[in-house]
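Just so we're aligned: the sequence shown equals residues 98 to 462 in the numbering used here. Just so you know, even glycine gets a beta-carbon here, dropped at the ideal spot from N, CA and C. Each remark here refers to the structure printed beneath this line.
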Amino acid sequence: MFSLCSWMYVIVKMASPRIVTSVLKNLSPRSPRSVENLRQSLTPKTPVRKDLRVENHGISRTVDRNHLSPFNIDTPNRVKILNNGLQNVQRSLLGTGSFGRVYKASYKGNEVAAKIINRRKDSDLSVNAEKHATYLNHSNIVKVLGIDQGTSLSLITMELCGTSLQDLLDDSTLEKEERIRIWKAISCALDFCHRAGVVHADVKPKNILMAADGQPKLADFGSSVLMDELDFSSRKHVRFFASILKDDSNVIKNIVYFKGTPGYAAPEVIQGDFPSPASDIYSLGVLAWQMLSQKIPFAGFHAHTILYLTGKGKRPIDDNLDDGFNGTYKKLYRDMWSQDMKKRPMLRVIINKLSNMELRIVGIR
């Protein structure tokens, strides 16, 4: 369960209102050059070596890759790990993130991904949210095989996949057939989630993994919520809590309630609403733009600046992009990232339009 208290903890941890206020002062609407000046003042980041970058199974850090044999997490080894932790020996590390590490492991005779997380309040919230995925059986969703919690560690056992869509975009340009295939597959995955009452709440290329057979799979449900938990009384309490910040700007007042990833999160989520199927559709639209542009949305901007721009209706630039479909591809993702959530198309409509684009590729239309 993802209770109101859980949201409060994430909210307080996100950011200081003073930081947000400072950023917004630098982006005064009366200063049209302020955004460009801020962009130019940013120090370029040093590129990360691609052979050392790991961005899959819900993690994103720079680590050394190794190819050691997977370790066993069957019982009783599983119980020992949960109670005593991993022994200080080398493991086949897939990646590391803010909550823990992901290893290649052996479970019931199969190779799997094992996410081992140090237990604390915020990581427990993420683990509890991951439980939503244990009931989702779909070919385009990473299968969660089990979630166990000990006194000091949590262990999430998952289907083992390869690289992330983000890695794929970093290393190559996708053909239009591949863009449509991935977009449609993740649309089907989200449609399945929503029909099951689950909102993913953090759709982005880093959370799309590519299986050995080439199938894209939606991963990392650590931010997900159940739709039947998002009742009106909870929303009312959250907005009352926001009012104690005593600021006239809705963007400043609600920005600390943001949950998701800047650049992909919908404007209504940034402004204090809980994630919804419509906010997942918004994020999927940004993902479709990124597959076409090969760029990170609002790359180089501070996270709070990105939230501000999104809340004001700004979107990544795509005027000079050729989508290969005479603008049909671009029109669809633009509809999906509409500022008005009620104007965003339903997933079944999106899937049908993508199917029509597939037919055009093979020359039937």
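Whose C-alpha, out of the options, is nearest the C-alpha of residue i?
| i | options | result |
| --- | --- | --- |
| Ala464 | Trp280, Arg217, Ala226 and Ser373 | The structure shown does not extend to residue 464, since the chain is modelled only from 98 to 462, so the question has no answer here. |
| Arg276 | Gly421, Lys428 and Pro374 | Gly421 |
| Arg445 | Leu287, Gly206, Thr425 and Tyr361 | Leu287 |
| Gly247 | Lys450, Arg175 and Met388 | Arg175 |
| Ile92 | Thr193, Tyr200 and Ser220 | The shown model of the chain, from 98 to 462, leaves out residue 92, and the question about it has no answer. |
| Phe168 | Val209, Asn180, Thr193 and Gly192 | Val209 |
| Trp434 | Ser452, Pro413 and Met454 | Pro413 |
| Val239 | Pro372, Ala211 and Ile448 | Ala211 |
| Leu233 | Leu389, Phe289, Ile448 and Lys303 | Phe289 |
| Asp268 | Asn215, Met388 and His229 | Met388 |
| Leu191 | Glu256, Gln184, Arg217 and Arg216 | Glu256 |
Counting only C-beta atoms, is residue i closer than 8 Å to chain D at any point?
| i | result |
| --- | --- |
| Tyr426 | Looking at the structure shown, chain D is missing, and only one protein chain is on hand. |
Who are the near neighbours of residue i in its chain, counting only those whose CB is closer than 8 Å to its CB and skipping five residues on each side?
| i | result |
| --- | --- |
| Asp325 | Gly294 |
| Met307 | Cys258, Gly259, Thr260, Ser261, Leu262, Leu265, Pro313 and Lys314 |
| Gln184 | none |
Quick check on residue i: buried or exposed, where buried means 16 or more other Cβ atoms within 10 Å of its Cβ?
| i | result |
| --- | --- |
| Arg427 | Here residue 427 turns out to be Lys, not Arg, going by the sequence shown. It counts as buried. |
| Val241 | buried |
| Asn207 | exposed |
| Leu456 | exposed |
| Glu227 | buried |
| Arg198 | buried |
| Val224 | buried |
| Ser321 | buried |
| Gly460 | exposed |
| Asn304 | buried |
| Leu121 | Because the pLDDT at Leu121 is just 37, under 50, the model does not fix this residue reliably, and the point stays unresolved. |
Excluding sequence positions up to five away, which residues of its chain have a Cβ less than 6 Å from the Cβ of residue i?
| i | result |
| --- | --- |
| Tyr204 | Ile170 and Thr254 |
| Thr172 | none |
| Asp432 | Pro442 |
| Gly243 | Thr254 |
| Ser376 | Ala363 and Val366 |
| Arg278 | none |
| Ala400 | Pro359 |
| Ile447 | Ser284 |
What does a CB cutoff of less than 7 Å around residue i pick up in its chain, not counting 5 residues either side in sequence?
| i | result |
| --- | --- |
| Lys301 | Thr358, Tyr361, Ser380 and Leu384 |
| Asp299 | Asp317, Ser320, Gly357 and Thr358 |
| Gly382 | Tyr430, Met433 and Trp434 |
| Asn180 | Gly247 and Thr248 |
Suppose you measure from the CA of residue i to the CA of residue j; what does that come to, to the nearest Å?
| i | j | result |
| --- | --- | --- |
| Asp370 | Met438 | 11 Å |
| Leu429 | His291 | 20 Å |
| Asn423 | Ile367 | 32 Å |
| Ile213 | Leu250 | 7 Å |
| Leu419 | Val296 | A small fix is needed here, since residue 419 is Asp in this sequence, not Leu. If I take the Cα positions, the gap works out to 31 Å. |
| His235 | Ser284 | 12 Å |
| Leu323 | Glu272 | 35 Å |
| Thr425 | Gly182 | 52 Å |
| Gln436 | Leu222 | 29 Å |
| Thr231 | Asn237 | 14 Å |
| Tyr405 | Lys440 | 21 Å |
| Gly311 | Asp219 | 33 Å |
| Pro394 | Asp416 | 14 Å |
| Asp245 | Lys450 | 41 Å |
| Thr402 | Glu274 | 34 Å |
| Ala202 | Arg188 | 9 Å |
| Gln391 | Ser452 | 23 Å |
| Gly410 | Thr270 | 28 Å |
| Ile458 | Ala282 | 17 Å |
| Gly408 | Pro374 | 18 Å |
| Leu252 | Ala309 | 23 Å |
| Gly397 | Pro372 | 25 Å |
| His229 | Met454 | 32 Å |
| Asn215 | Ile378 | 32 Å |
Original post:
Of all the alpha helix (DSSP H) runs that stay within the bounds of the region 363 to 439, which reach a length of 4 or more residues?
Top reply: Taking only runs of at least 4 residues, the alpha helix (DSSP H) segments lying wholly in the region 363 to 439 are 364 to 367, 374 to 390, 400 to 408 and 425 to 433.
**OP:** Quick one: which unbroken beta strand (DSSP E) runs of 3-plus residues sit fully inside the region 236 to 282? Chain order, please.
**Re:** Inside the region 236 to 282, DSSP marks whole beta strand (DSSP E) runs of 3 or more residues at positions 241 to 246 and 250 to 256, from first to last along the chain.
Original post:
Considering only residues of the region 203 to 233, which uninterrupted alpha helix (DSSP H) runs meet the minimum length of 4 residues and lie entirely inside it, listed in chain order?
Top reply: Segments of the alpha helix (DSSP H) lying fully in the region 203 to 233: 218 to 227.
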